[in-house]
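Chains as they are written, first to last, in the numbering used here: chain E, 2 to 265; chain D, 49 to 483.
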């Protein structure tokens, strides 16, 4: 998917003296991870087509500090947080959307107490609003019609922030056969990446968390596993590879909506 | 004359002794909990009361596992309601009366005892099922190595004690019924077993059961502080003081905020914000560095293991078990408490600590911070909070982190990303073709 438009940075917006509706917080995974970059592009495409005035921070964006905090390095977390807050406040940012539940959780819950209060939305919630407002229309016939789709709850979206319905209602709009895994919503099994596990080898055990979760997804006989987190996407994709089930696609909700949307 | 009042004197003495001993031990537990750092959980009183009513009184999270939840509600309801009968037993014991409420309540008394008997029977049956389930059904969380020894014996002892107490209550009513020509709802079916006894023997059995029941209850009261069964009391404050924030939100350490502000603002006065001469710890190495809610949680945990059963690390064979974190915290806190008792109120360093001696780094590093444990806990305990504070100690004070995390820290510090990419490349996702 190639976008034929360019997303401006806040520096460019400010230089032109313009205002934005919403800041797109891309996140480190969304910026650097090949699989997550596709999600970034998909979300940018949707935001562009609905006519939202949005921008990114570009090189001024820095890690929210989430993995440092969860690994126990509170000092590094707060240094990151305060630097980001001073950037965000300097641009007078009011609304933020992000496709990463870890960034979402940190920006929404852990920044206010350090001086950064913003209206933060996970992209699934924003997409739900856009569809409800009729701004995103889905193609006739349904791109995914008849497909069996399951949803993996990212911990920091679901249990962490009680967002369970937005991604599910989006999937239901796609006219697919939605199926829940045995462990879902509040009981959803982690993908294994949270708590900074993404950045080290797992401790010794008898299997990997992502292998177990992929197994649960496979047993639903879904052909698409949807999720809303770049780390979950990586872990589950690897899990599918482990079980030789690469025919099962692991896709972000934004990718599904961008493919199914009728952008003329 | 003395002989006439002997049972009353004996009873009152037992009652006072039991209450005194319990109060003494309870004050020790309260002191131990207060060894933790203070935590502000007095906001939102209405929401907190609602949580207490829903989760502790209403057991809304117990029924997530329907069979165990249903049986637990039976035992709990029975326990609470039969305690109304305890009031009569205590009054009879002190006043030397027999069924003091009977003349006051008239006909209603018969039905009340009938209801208590039905409840006693249900409690008894539920405890039998619980006992078989715990010992014969091979449920993983109830047979794991971490609860071998005292924790498992503790659980079985409680079940057997409850069965014995309920039996004593029913036999007491059965024999008393024969003596006085009453047929209570449940115990009437047990009267056949005692029909051949003489009147004296019936009185003896009835009195034995009466004393067994009341002394059993008083002994049970004093066993609670040593047992996982303490949750029948502490579940209420534990849910009241539970975290009301979104589970994903972790506290920001205020001591760190001060440091960071000084670091980032050269004009800040480094001495202005230093609150006291107290030593500031980053994270928790030992129980005294945890907060008071963590310590209350440790005493409230009933070791059901629902947290561990839902933990992704534990499900995949890693060492981490949230239940074991709670048990380790309580064990270490009890040890610190004993240390204080033996040293005239001073906690003399014993060279041990929670992290290191009771909980290993490997356990702590296995956590994905997914909150499955806090969601699974029927009384909203928070093992994750303890794990995270221990991790803070490892990362910021002990400098013990996996080397991959050190690289991640370095990358964030130098590149603003956990991976070693240049900030300049953050915008590149726009240009590359599909990659």
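Glycine included, C-beta positions come from ideal geometry on N, C-alpha and C.
Would you mind reading off the limits of the beta strand (DSSP E) that contains residue i?
i                     : result
residue 25 (chain E)  : 23-26
residue 109 (chain E) : No beta strand (DSSP E) contains residue 109 (chain E), which DSSP labels as neither H nor E.
Check for me: the alpha helix (DSSP H) holding residue i runs from which residue to which?
i                     : result
residue 170 (chain D) : 155-184
residue 96 (chain D)  : 93-99
residue 174 (chain E) : 166-174
residue 142 (chain D) : 114-143
residue 123 (chain E) : Careful: residue 123 (chain E) lies outside any alpha helix (DSSP H), inside the beta strand (DSSP E) at 120-123.
residue 78 (chain E)  : 75-91
residue 244 (chain E) : Looking at the DSSP string, residue 244 (chain E) is not in any alpha helix (DSSP H), and its letter there is neither H nor E.
residue 157 (chain E) : Per DSSP, residue 157 (chain E) belongs to no alpha helix (DSSP H) and is neither H nor E.
residue 485 (chain D) : Residue 485 (chain D) is absent from the structure shown; chain D starts at 49 and stops at 483.
residue 253 (chain D) : 247-271
residue 50 (chain E)  : 35-50
residue 279 (chain D) : 279-288
residue 387 (chain D) : 370-390
residue 212 (chain D) : 198-228
residue 358 (chain D) : 354-358
At a CB-CB cut-off below 8 angstroms, which residues of chain E make contact with residue i?
i                     : result
residue 148 (chain D) : What residue 148 (chain D) touches in chain E: nothing, since even the nearest Cβ is about 49 angstroms away.
Residue i bridges to which residues according to DSSP?
i                     : result
residue 253 (chain E) : E:228
residue 339 (chain D) : D:85
residue 139 (chain E) : E:262
residue 55 (chain E)  : E:23
residue 178 (chain E) : E:149
residue 98 (chain E)  : E:25, E:122
residue 10 (chain E)  : E:57
residue 407 (chain D) : D:403
If you compare alpha carbons, which of the options is closest to residue i?
i                     : options                    : result
residue 165 (chain E) : E:79, E:62, E:186          : E:186
residue 222 (chain E) : E:210, E:246, E:48, E:211  : E:246
residue 100 (chain E) : E:25, E:184, E:201, E:190  : E:25
residue 277 (chain D) : D:193, D:375, D:180, D:263 : D:375
residue 264 (chain D) : D:344, D:210, D:110        : D:210
residue 188 (chain D) : D:335, D:252, D:362        : D:362
residue 111 (chain E) : D:470, D:302, D:365, D:241 : D:302
residue 465 (chain D) : E:181, E:65, E:215         : E:65
residue 259 (chain E) : E:28, E:6, E:45, E:12      : E:45
residue 495 (chain D) : D:99, D:78, D:72           : Residue 495 (chain D) cannot be examined here, being either before or after the span of chain D that is shown, 49 to 483.
residue 179 (chain D) : D:346, D:108, D:123, D:431 : D:123
residue 80 (chain D)  : D:259, D:377, D:242        : D:377
residue 403 (chain D) : D:446, D:382, D:366        : D:446
residue 214 (chain D) : D:280, D:252, D:260        : D:260
residue 181 (chain D) : D:242, D:116, D:217        : D:116
residue 336 (chain D) : D:291, D:354, D:385        : D:385
residue 256 (chain D) : D:206, D:283, D:290, D:218 : D:218
residue 206 (chain D) : D:341, D:174, D:57, D:227  : D:174
For residue i, return the contacting residues in chain D, with the cut-off set at a CB-CB distance below 8 angstroms.
i                    : result
residue 81 (chain E) : 460, 464
residue 27 (chain E) : 474, 477
residue 4 (chain E)  : 478
Mind listing the chain D neighbours of residue i? Cutoff is C-beta to C-beta under 7 angstroms, in chain order.
i                     : result
residue 157 (chain E) : 296
residue 101 (chain E) : Result: empty, since nearest Cβ-Cβ is about 12 angstroms, beyond 7 angstroms.
residue 208 (chain E) : 364, 365
residue 62 (chain E)  : 474
residue 251 (chain E) : Neighbours of residue 251 (chain E) on chain D: none; closest Cβ ~17 angstroms, over 7 angstroms.
residue 168 (chain E) : None at all; the shortest Cβ gap to chain D is about 16 angstroms.
Quick one: list the residues of chain E neighbouring residue i, beta-carbon separation under 7 angstroms, in chain order.
i                     : result
residue 442 (chain D) : 73
residue 453 (chain D) : 72, 197, 200, 201
residue 304 (chain D) : 75, 76, 79
residue 439 (chain D) : 72, 73
residue 360 (chain D) : 190, 191, 193, 210
List the residues of chain E whose Cβ lies closer than 9 angstroms to the Cβ of residue i, in chain order.
i                     : result
residue 312 (chain D) : 80, 83, 84, 87
Exercise for review: Inspect the CB distances between the segment 408-418 of chain D and the segment 438-457 of chain D and report whether three or more fall short of 8 angstroms.
Suggested key: yes
Review point. How do the segment 418-431 of chain D and the segment 159-171 of chain E stand: do at least 3 beta-carbon pairs fall below 8 angstroms, yes or no?
Key: yes
Review point. Is the segment 384-395 of chain D in contact with the segment 450-459 of chain D, if contact means three or more CB pairs nearer than 8 angstroms?
Key: no
Review point. Would you call the segment 297-317 of chain D and the segment 46-61 of chain E touching, i.e. three or more CB-CB distances under 8 angstroms?
Key: no
Check your understanding: Does the segment 464-471 of chain D come close enough to the segment 27-40 of chain E that 3 or more CB-CB pairs lie under 8 angstroms?
Key -> yes
Check your understanding: Touching or not, the segment 392-409 of chain D and the segment 180-198 of chain E, by the rule of three or more beta carbon pairs under 8 angstroms?
Key -> no
Practice item. Would you check if there are 3 or more beta carbon pairs closer than 8 angstroms linking the segment 233-242 of chain E to the segment 206-216 of chain E? Key: yes
Point to revise | Stretch-stretch touch, CB-based, cutoff 8 angstroms, three pairs: the segment 53-63 of chain D with the segment 145-153 of chain E | key: no
Exercise for review: Assess, as a yes-or-no matter, whether the segment 350-360 of chain D is touched by the segment 235-250 of chain D under the definition of 3 or more beta carbon pairs within less than 8 angstroms.
Suggested key: no
Review point. Is it a yes or a no for the segment 151-168 of chain D touching the segment 228-237 of chain D, going by three-plus beta-carbon pairs under 8 angstroms?
Key: yes
Practice item. Would you check if the segment 58-78 of chain E and the segment 65-74 of chain D touch, i.e. whether three or more CB-CB distances between them fall below 8 angstroms? Key: no
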